[in-house]
Amino acid sequence: MSRYLAALTAILHRELARFLGQKSRLVAALVRPLVWLLVFAAGFRAALGLSITPPYQTYITYETYILPGLLGMICLFNGMQSSLSLVYDREMGSMRLLLTAPLPRGWLLFAKLLAGTLISLLQCGVFLGIGYAWGIRPPLVGLVAVIPALLLVGLMLGALGLLLSSLIRQLENFAGVMNFVIFPMFFLSSALYPLWKMAEASPALANACALNPFTQGVELIRFSLYLTPNWPALGWTLLATAVFAAAALYGYDPARGFTRTKG
Amino acid sequence: MIRLLLLTLLATPTLADEIWVTNEKDDTISVIDTATLEVTRTIPTGERPRGITFSHDYSRVYICASDSDTVQVMDPATGEILHELPSGEDPEQFVLHPDDKHLWIANEDDAVTTVVDVDSRKVVAQINVGIEPEGMGVSPDGAIVVTTSETTNMAHWIDTRTHQIIANTLVDSRPRHAEFTASELWVSSEVGGTVTVFDVATKAEKAKIRFAIPGVNDDLIQPVGFEFTPDQSTAFVALGPANHVAVINMQTHEVETYILVGRRVWHMAFNRDHSQLFTTNGVSGDVTVIDVASRSALKSIKVGRFPWGAAFRPTE
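Chains F and Y, in that order, give the protein sequences. To get our numbering, take the position in the first sequence, counting from 1, and add 368. So that you can map any letter, position 181 of the second sequence is 179 in our numbering, and since no number is skipped, the others follow by simple counting.
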């Protein structure tokens, strides 16, 4: 058991050290959602009036609405960044070193996933602090209640990143991830506009948004932040996490994985 | 001991005070329970109910039924209309004199202020004022009543003993609401977008409060109803289609913050301990509950169509 913990600690330590060593990465990770929050949301505040939509009990500013979506965005980009780093590790050979450790591959991948998620959580914490200073103030207990939701959403998107990293063979292919995964996932979700607003424009698009696991993750974050249970969102997020994790595990299995199929 | 405590708790009735809201388009009153923040009753009224106020012992409620050209007197316990008062045409707002006997009513279409004795149900006086009178305020000692006229853009100061206008003071365009503090008169100007503060002793303008909400066009900032905290430290001003309530420091006359509420906020009423403020939001058809301490909106409660006036009623 101690070997497992030692491996977990080592991987967490490596990822955290790597993250903290790259100050620009933290800044870059925060600039993106901050631009959305401080610039985009301010510009669209008047254009996108909101009615009262659960879990909110009264009228809210657009900034308040998109805050959970931007937390989801942090988890999404971080999950994808982790997958990028895995592809890089594989090209540089350090991945092989990691995967040859005398421990189950699933455990090593889980450690990697958890490390990425904790980094997401750290970024989300800083972002929530900036949002609070900016005047977006969910209930204080909500700031604690959202932690498990952020962990779960981080794991879901990290697992998706793992799965993608098992499919991508070269760093150059990562642009495809941006175009075919990140953008559709983010824009086809409730991060920027509520689903009823999307349904006014196109019911089909609204249905696509509802099926998007990222939507369910964002709603889980939103409801947790306002201390309101949302069991369907929790169920969908758990299911998506399990499916992505299982597929990633399959992808990293040298005997059966996607790497072998493609190689 | 625990049993005794439980029994005591069970025997203590819940404080179920109420906020009464007039719904202009539905010809009804929505009654909101201040404990559960839910509508518990909907009571039919005359046509286009707007101004609403209770007698000092809360045994009667007066309702301006504008399009019925009457003030209705209702038993709040039963919701039954007891009788009507001769209000003059199109009564919109009124104020109950501290003597609990005289209702001062603004008759928008007739350019008069009507004084009605609520016991004898007779018109005591009619005072010619400016065009489209609307806002009504009475000084705490009952010596002065002020009527604001929307088109003349004036506050008319009326001596309540002689029923004579003793002063006229200019305010910004379309004054809608007037309230006295111990030493000041506040008048909101809907089109002018300001609140003018007068010194009651000299009747001179003392301050002019202006508003600016980031991201909201100035044209939409239209101050209407307002309420003061009992210690007269803070004023809450409804800003109409700006969908915000301004929080004002009454000593400095500076705006401290803005609170987002529903669409086209009209008037307000406090709960019993003044910890919550209920705003009527005309276009969105709801009432937003503001937490006074944190200056934040807690909840919006769906009521009838076009809620306008609000009044507090203790139920014990």
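In this text, a Cβ means the ideal position worked out from N, Cα and C, and glycines have one as well.
Rounded to whole angstroms, the gap between the alpha carbons of Ile420 (chain F) and Leu560 (chain F) is 15 Å. Beyond the five residues adjoining it in sequence on each side, Thr277 (chain Y) comes within less than 7 Å, by CB distance, of Ala236, Val243, Val259, Val263, Met266, Val285, Thr286, Ile288 in the same chain, given in chain order. Using a Cβ-Cβ cut-off of 7 Å, Thr32 (chain Y) does not count as an interface residue toward chain F, since no Cβ of chain F sits closer than that to its own. Taking each of F:Gly484, F:Leu405, F:Ser453 in turn and checking the Cα distance to Leu376 (chain F), the smallest one comes out for F:Gly484. Neighbourhood of Thr596 (chain F) in chain Y, by CB distance below 7 Å: empty, with the nearest CB roughly 13 Å away. Counting only runs that start and end inside the region 404 to 490 of chain F, the alpha helix (DSSP H) elements of at least 4 residues fall at 409 to 412, 430 to 460, 462 to 467. With a cutoff of 7 Å on beta-carbon distance, Pro84 (chain Y) and Ala63 (chain Y) are scored as not near each other. Shown here, Lys204 (chain Y) sits in a strand according to DSSP, grouped into three states. Put simply, the backbone Cα of Val509 (chain F) is about 8 Å away from that of Leu595 (chain F). Residue pairing for Arg39 (chain Y): DSSP places it in a beta bridge opposite Y:Val29.
Around Thr426 (chain F), the beta-carbon contacts reaching into chain Y at under 7 Å are Thr286, Ala295, Leu296, Lys297, Ser298. By DSSP's assignment, Ile164 (chain Y) forms no beta bridge with any residue.
Among the residues facing chain F, Gly260 (chain Y) is included, as its CB has a counterpart in that chain under 7 Å away. Looking at Y:Met72, Y:Val189, Y:Asp55, Y:Tyr56, the one whose alpha-carbon comes closest to that of Asn151 (chain Y) is Y:Val189.
Excluding its 5 nearest sequence neighbours in each direction, Val93 (chain Y) has C-beta neighbours in its own chain below 8 Å: Thr51, Leu101, Trp102, Met134, Gly135, Val136, Val143, listed in chain order. Linking Ala501 (chain F) to Leu406 (chain F) through their CA atoms gives a straight-line distance of about 12 Å. Contact annotation for Gly191 (chain Y) against chain F: no contact, minimum CB-CB distance about 18 Å [criterion: below 7 Å]. Only residues of its own chain outside the window of five on either side were considered, and among them Ala483, Gly484, Ile487 have a CB closer than 7 Å to the CB of Glu383 (chain F), listed in chain order.
Residues of the same chain with a CB within less than 7 Å of the CB of Leu519 (chain F), apart from the 5 flanking positions on each side, are Thr485, Leu489 in chain order.
In this structure Asn541 (chain F) is exposed. Its beta-carbon is surrounded by fewer than 16 other beta-carbon atoms within 10 angstroms. Within the model, the alpha-carbon separation for Lys297 (chain Y) versus Pro423 (chain F) is close to 11 Å. The closest CA to that of Gly307 (chain Y), considering only Y:Ser294, Y:Thr313, Y:Asn279, is found on Y:Asn279. Cβ proximity to chain F below 7 Å picks out Gly213 from the region 185 to 213 of chain Y. Among the residues of the region 588 to 614 of chain F, none has a Cβ less than 9 Å away from any Cβ of chain Y. Rounded to whole angstroms, the Cβ separation of Ser147 (chain Y) and Ile125 (chain Y) is 12 Å, and the two are not in contact under 8 Å. Identification of residues in the region 422 to 448 of chain F having a C-beta nearer than 8 Å to some C-beta of chain Y yields Gln425, Thr426, Tyr427, Ile428, Thr429, given in sequence order.
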